[in-house]
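The next block holds one structure in the form of structure tokens; read it before the comments.
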Amino acid sequence: MSDIRVRFAPSPTGFLHIGGVRTALFNYLYARQQGGKFLLRIEDTDQQRSMPEFEREILDSMKWLGLDWDEDLVHQSKRLDRYREVARELVAKGLAYEFEGAIKFRIPKTEVKVYDIVRGEVTYDSKEFDDLVIMKSDGYPVFHLAVIVDDHDMGITHVVRGEDHLPNTPRHILLQQALGWKSPKYAHLPLIFGSDGTPLSKRHGAVAVSEYRNKGFLPQGLVNYLALLGWNPGTPQEIFSLPELVKQFSLKRVIKSNAQFNPEKLLWVNGQHIRAISGEDYEKQITEFWKEKSHSPSKELKVNGASPNTNQFPTRGNWGNPDYPNGKENKSQDRGQDKIDPVPEEKWRKLITLYRPRIQTYGELKVQAAYFFASPEYKDLQLMAEIKNSASVVGLLKQLGEVLEDVGDFEDVEMLDQKTKQVAEAAGLKPKDIIHPLRFVLTGGTASPGIFELMSLLGKEICLKRLKGFLD
RNA sequence: GGCGCUAUCGUCUAGCCUGAUCUAGGACGCUGCCCUCUCAAGGCAGAAACACGGGUUUAAAUCCCGUUAGCGCUACCA
15 MSDIRVRFAP SPTGFLHIGG VRTALFNYLY ARQQGGKFLL RIEDTDQQRS
65 MPEFEREILD SMKWLGLDWD EDLVHQSKRL DRYREVAREL VAKGLAYEFE
115 GAIKFRIPKT EVKVYDIVRG EVTYDSKEFD DLVIMKSDGY PVFHLAVIVD
165 DHDMGITHVV RGEDHLPNTP RHILLQQALG WKSPKYAHLP LIFGSDGTPL
215 SKRHGAVAVS EYRNKGFLPQ GLVNYLALLG WNPGTPQEIF SLPELVKQFS
265 LKRVIKSNAQ FNPEKLLWVN GQHIRAISGE DYEKQITEFW KEKSHSPSKE
315 LKVNGASPNT NQFPTRGNWG NPDYPNGKEN KSQDRGQDKI DPVPEEKWRK
365 LITLYRPRIQ TYGELKVQAA YFFASPEYKD LQLMAEIKNS ASVVGLLKQL
415 GEVLEDVGDF EDVEMLDQKT KQVAEAAGLK PKDIIHPLRF VLTGGTASPG
465 IFELMSLLGK EICLKRLKGF LD
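Just add 14 to wherever you are in the first sequence, counting from 1, and you've got the working numbering.
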């Protein structure tokens, strides 16, 4: 146990976004590793823009990410009297003065040294600073005042925040000195940018934590990726659980330069986590995820509000795949006759196992496995024509259909394998000469898990129906 | 404009403090190969970087100076 106390201080003027999470995460990691406290403060002094919904959203996101905090929330809106008191004290001491209804802090002209844990010593000359408004004419404190008062009252020992606050720090130090308060230690984190080098914003795609949650990212995947943006352990390890991060984190190893957010690597990290967690956790999580997403059968392919083509991710399964490009316009109603959803538990279990190595987010499952939930859509007309115009392939498929009629149920994957290959061999062809067309018939595409597992899962009835439907 | 921060493969980064072990290492992505019924996953291989210019030194990615570029701050936003 140490007496280290850090805080994350979001403004409830929007959703918790990627940059905020990174700041929160580094504070959290530092506190947990040092055995200190991680506090949460809501900076809601901007009356116009602060909304309770946003606060709820931020708190929800923090919980989902597993960044649990200590002690009670602090709301700046409930501490207005305290800020006024401090401002009055400054005025009484002659260190601040009224100006057009506001109160301004008189900046002492001096050299101010900031000792930053990640950047070292940075020197400012306060001659460059104008006197600082600390209380607005509406009686509300300005950010600078509220921050130093709260940090002091909350006993904050380390302020870990974005680099954009570095130039504010000397002003804060001056304010602390005027009040006779000890300054906390500072650590300024590099900023996160989009792929075009500009600050991360909606233009760059998903920035809100909730969007990642809706797409089926794992909290530990997002946390893991963000931890690597601006920090590294100095070892080749890249995949970490939250406890591992806590163990290895160090402010000393925080990078100084700004970083670009790379959605592709995030996807990769998330995929690694999908494969790293226990089978039980995987089943529980992905099932829960899809349970929440599928309230009505007709919504099945919608992949939530996060329709595949509006996200900025080159997600496998929808990228460049014209089959199921749009959640809103899906044709599942028209093609619903093969619907096998709700999927029996046993089938669902097999299905998610089949797709575990193929998905990078839980949201990808039903995009990639769409043909399990609706009839396949044969978009590649050329390929379809090729198959239909080949007398030998059509004959092969017909024959296969007949052979499969006698197979019984499709539980025995090995049996399906043997029978199918026998049909090909009897015709003097290679197994793949029948497997590939068969895959197209059954899925409408050219990519899928192993064909025999697929057949078994789809079941005899649907396989034969699709086969006949295709050949008619 | 002023002040400040930063600068290694396309991207995230190791190395820089304590100069020689760096013909610069890893990861994502990309390419090829293996595996294989396709797609993945997995394995292997490859292309790909020390911003530029000066110093200091026997020796510089590493130290110093300058330039350039990017970013931040310069609000009665936070």
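Don't be surprised by glycine CBs; every beta carbon is placed ideally from N, CA and C.
Practice prompt. On the DSSP bridge assignment, give the partners of residue 203 in chain order.
Written response: According to the DSSP secondary-structure assignment, residue 203 is paired through a beta bridge with 176.
Fill in: Whole-angstrom C-beta distance between residue 365 and residue 383, which should lie under 8 angstroms
Residue 383 to residue 365, Cβ: 6 angstroms. Contact.
Fill in: Reference residue 51, options 71, 85 and 24, closest by Cα
Of all alpha-carbon atoms in 71, 85 and 24, the one lying nearest the alpha-carbon of residue 51 is that of 85.
Worksheet item: Given that a residue counts as buried once 16 or more other Cβ atoms are within 10 Å of its Cβ, and exposed if not, what is residue 235?
Response: Classification of residue 235: buried, given that the 10 Å Cβ count is 16 or more.
Worksheet entry | heavy atom of the ligand COA below 8 angstroms from residue 371 C-beta | Judged by which ligands are present, the structure shown has none, so any question about the ligand COA falls away.
Item to complete: Could you check which residue in 252, 386, 300 and 147 has the C-alpha nearest to that of residue 279?
Response: Of the candidates 252, 386, 300 and 147, the one whose C-alpha sits nearest the C-alpha of residue 279 is 252.
Worksheet entry | Collapsed DSSP secondary structure at residue 282 in the structure displayed | Helix at residue 282.
Fill in: C-alpha distance - residue 157 paired with residue 140, whole-angstrom precision
Taking the straight line joining both Cα atoms gives about 19 angstroms.
Worksheet entry | Residues that residue 19 bridges to, as DSSP identifies them | The partner list for residue 19 (beta bridge, DSSP) reads 51.
Worksheet entry | Distance between beta carbons of residue 117 and residue 149, contact taken as under 8 angstroms | With a Cβ gap of about 4 angstroms, residue 149 and residue 117 count as contacting.
Worksheet entry | C-alpha distance - residue 318 paired with residue 379, whole-angstrom precision | Confidence in residue 318 is poor, its pLDDT being 33 and thus under 50, which makes the residue's placement unreliable; the coordinate value appears in the next sentence. Cα to Cα, residue 318 sits roughly 12 angstroms from residue 379.
Item to complete: Would you list the one or two residues that DSSP bridges to residue 44?
Response: Paired residues: none, contrary to the question.
Discussion item. On the criterion of 16 or more Cβ atoms from any shown chain inside 10 Å, does residue 65 qualify as buried, or is it exposed?
Written reply: With fewer than 16 other beta carbons inside 10 angstroms of its own, residue 65 counts as exposed.
Worksheet item: Where do the N-terminal and C-terminal ends of the alpha helix (DSSP H) with residue 484 fall, by residue?
Response: Counting along the chain, the unbroken alpha helix (DSSP H) around residue 484 starts and ends at 474 to 485.
Worksheet item: Hey, residue 497 and residue 288: beta-carbon distance below 9 angstroms or not?
Response: Past the edges of the chain, shown from 15 to 486, lies residue 497, and the structure says nothing about it.
Discussion item. Let's test the definition: count the other Cβ atoms within 10 Å of the Cβ of residue 113 and tell me whether it reaches 16, buried, or not, exposed.
Written reply: With fewer than 16 other Cβ atoms from the protein chains shown falling within 10 Å of its own Cβ, residue 113 counts as exposed.
Worksheet entry | Reduced DSSP category for residue 381 - H, G, I as helix; E, B as strand; rest coil | The answer is helix: DSSP assigns residue 381 an H, G or I state.
Fill in: Close beta carbons around residue 401, own chain, < 7 angstroms, minus the five adjacent residues each side
Non-local C-beta neighbours of residue 401 in its own chain, meaning closer than 7 angstroms and more than five positions away in sequence, comprise 407, 451 and 454, ordered along the chain.
Worksheet item: When the Cα atoms are used, what is the spatial distance from residue 339 to residue 291?
Response: Its pLDDT being 30, under 50, residue 339 is placed unreliably by the model, and nothing is read from it.
Fill in: Residue nearest to residue 552 in terms of C-alpha spacing, selected from 486, 398 and 409
Residue 552 cannot be examined here, being either before or after the span of the chain that is shown, 15 to 486.
Fill in: Option in 358, 281, 363 and 270 with minimal Cα separation from residue 295
With distances taken between Cα atoms, residue 295 lies closest to 363.
Item to complete: Name the residue from 474, 20, 33 and 445 whose alpha carbon lies nearest to the alpha carbon of residue 244.
Response: Per the Cα distances, 33.
Discussion item. Output needed for residue 133: all residues of its chain with C-beta closer than 7 angstroms, excluding positions within five of it in sequence on either side, in chain order.
Written reply: So the qualifying residues of the chain are 202 and 270.
Worksheet item: residue 254 and residue 47 look like a contact to me (Cβ under 8 angstroms); what is the Cβ gap, rounded to whole Å?
Response: The distance from the Cβ of residue 254 to that of residue 47 is about 13 angstroms, inconsistent with a contact at the 8 angstroms cut-off.
Worksheet item: Can we say the stretch 119 to 136 touches the stretch 80 to 96, given the rule of at least three CB pairs closer than 8 angstroms?
Response: With the rule of 3 Cβ pairs closer than 8 angstroms, the stretch 119 to 136 does not count as touching the stretch 80 to 96.
Item to complete: Grab me the residues of residue 180's own chain with a C-beta within less than 6 angstroms of its C-beta, minus the 5 sequence neighbours each way, in chain order.
Response: Taken in chain order, the residues that qualify are 202.
Discussion item. Could you compute how far the alpha carbon of residue 474 sits from the alpha carbon of residue 409?
Written reply: Roughly 20 angstroms between the two C-alpha positions.
Practice prompt. Report yes if the CB atom of residue 188 is closer than 9 angstroms to the CB atom of residue 131, and no otherwise.
Written response: No.
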